[in-house]
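**Q**
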Amino acid sequence: MSEAILPLKSPAPSAHAPVPMIDLVEQHQAIRDEVHAAVLQVFDSQKFVLGDEVTGLEEEIAASCDARFAIGCASGTDALILALTALDLGPGDEVITTPFSFFATASCIERVGAKPVFADIDPVTFNLDPEAVEAAITPRTRAIVPVHLFGQCAEMEPLWRLAVQHGLSIVEDAAQAIGASYRGRQAGVLGTIGCFSFFPTKNLGGAGDGGMMTTDDPDLAARLRRLRVHGDAGRYEHVEVGYNSRLDALQAAVLRVKLRHLSQWTQQREENARRYHRWIDEAGLTDLLEVPTALS
-1 MSEAILPLKS
9 PAPSAHAPVP
19 MIDLVEQHQA
29 IRDEVHAAVL
39 QVFDSQKFVL
49 GDEVTGLEEE
59 IAASCDARFA
69 IGCASGTDAL
79 ILALTALDLG
89 PGDEVITTPF
99 SFFATASCIE
109 RVGAKPVFAD
119 IDPVTFNLDP
129 EAVEAAITPR
139 TRAIVPVHLF
149 GQCAEMEPLW
159 RLAVQHGLSI
169 VEDAAQAIGA
179 SYRGRQAGVL
189 GTIGCFSFFP
199 TKNLGGAGDG
209 GMMTTDDPDL
219 AARLRRLRVH
229 GDAGRYEHVE
239 VGYNSRLDAL
249 QAAVLRVKLR
259 HLSQWTQQRE
269 ENARRYHRWI
279 DEAGLTDLLE
289 VPTALS
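Each residue of the sequence shown is one higher than the one before, starting from -1 at the first, in the working numbering.
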């Protein structure tokens, strides 16, 4: 094989190399010692499933969202499935959601046996359009699943009015929106149940999969805790069929470290966004690209 085909030297880096969407290695290096210490503490305890680390994370997430309860689970997808199950949604029910989201949003509705009904998005925010949601409501509608996309909350006030008017539940898909707010309230407490993902590329990401549900309803919180452990209401007392969706202590330990830095990272994201806004404006691209402004 010739050197022309297999060069001995790597090509010189381009002066116009693309900016990565996220650099997990750089993020980890900045908090490496904290993460390693937290992980070693879990190994020393030999308590790997649920336990004190998960309870601690649940309490810290609840406090950060101003929620009464937070319940950890195995993934953001599981958070949605558990939330829909806890609300007794199933065959014959319709759930209105957005077509502009990750596959899991609609597939979780299908998974519990309900029918996902798509309503269009607002072209400015990319989130559910409340008028489109209203037009999609039928006698079979039981819930709305808005997605807080790109870190900005959906327009929740008109969605809540619709929910109250028609007796619907709201399950927030806040997988990308921990720390976002709407009119002074945090994502995760704007609906009946809030669902978060801790996939590594999320703004609060673990060292693998993980999820969290938030609610102010004590009965729903208790049921969500049962459902994540096979419907267990006590030691080997199973009152319903649930799932194996427990958050493990290693993930919780890593997430507790990262949660301490989330505010700083969010500020840096906001500063980066302001730079992009300025550059788009300076490049004269505002006629081609309408940049959404986060709702607050």
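Beta carbons: idealized from backbone N, C-alpha and C, even for Gly.
Given that a residue counts as buried once 16 or more other Cβ atoms are within 10 Å of its Cβ, and exposed if not, what is Lys7?
**A** For Lys7, the pLDDT reaches just 45, beneath the cut-off of 50, and the residue's location in the model is therefore unreliable, leaving the point undetermined.
**Q** What residue range is occupied by the uninterrupted alpha helix (DSSP H) comprising Glu24?
**A** Per DSSP, Glu24 belongs to the alpha helix (DSSP H) from Leu22 to Ser43.
**Q** Smallest Cα separation from Arg244: which of His228, Ala251 and Val237?
**A** Taking only the C-alpha atoms, the option nearest Arg244 is His228.
**Q** DSSP puts Asn201 in a beta bridge; with which residues?
**A** Note: Asn201 sits in no beta bridge, so no partner.
**Q** Under a three-way DSSP split, which group does Asn242 fall into?
**A** In the structure shown, Asn242 sits in a strand (DSSP, three-state: E or B).
**Q** Buried or exposed for Ile20, going by 16 or more other Cβ atoms inside 10 Å?
**A** Exposed: under 16 other Cβ atoms inside 10 Å.
**Q** Please report the residue range of the beta strand (DSSP E) in which Ile191 lies.
**A** Start and end: Ile191 to Ser195.
**Q** Thinking C-beta only, is Ile79 closer than 9 Å to Ala141?
**A** Cβ atoms of Ala141 and Ile79: not closer than 9 Å.
**Q** Starting from the N-terminal side, write out each stretch of the alpha helix (DSSP H) that is 4 residues or longer and does not extend beyond the segment 144 to 198.
**A** With a minimum length of 4 residues, the continuous alpha helix (DSSP H) runs that stay inside the segment 144 to 198 are 154 to 164.
**Q** Helix or strand or just coil, what does DSSP make of Ile278?
**A** Reduced to three states, the DSSP call for Ile278 is helix.
**Q** What does Phe116 pair with, by DSSP beta-bridge criteria?
**A** Answer is Thr95.
**Q** With distances taken between CB atoms, is the gap from Arg258 to Gly240 smaller than 9 Å?
**A** No, these two residues do not count as a Cβ contact at 9 Å.
**Q** Just tell me which of Cys193, Tyr180, Ala175 and Gln174 has its CA closest to the CA of Ile168.
**A** Ile168 has its Cα closest to that of Cys193, out of Cys193, Tyr180, Ala175 and Gln174.
**Q** I'd like to know whether the C-beta atoms of Val17 and Leu248 end up nearer to each other than 9 Å.
**A** Contact flag unset, no.
**Q** Would Cys106 and Ala185 be called neighbours here (beta carbons separated by less than 9 Å)?
**A** No, they are not a contact pair.
**Q** Are the CB atoms of Ala175 and Phe67 within a distance shorter than 9 Å?
**A** Not a contact, by the Cβ cut-off of 9 Å.
**Q** Since Cys71 contacts Arg226 with CB under 8 Å, what's their CB separation in whole angstroms?
**A** Contact holds; Cβ gap of about 5 Å.
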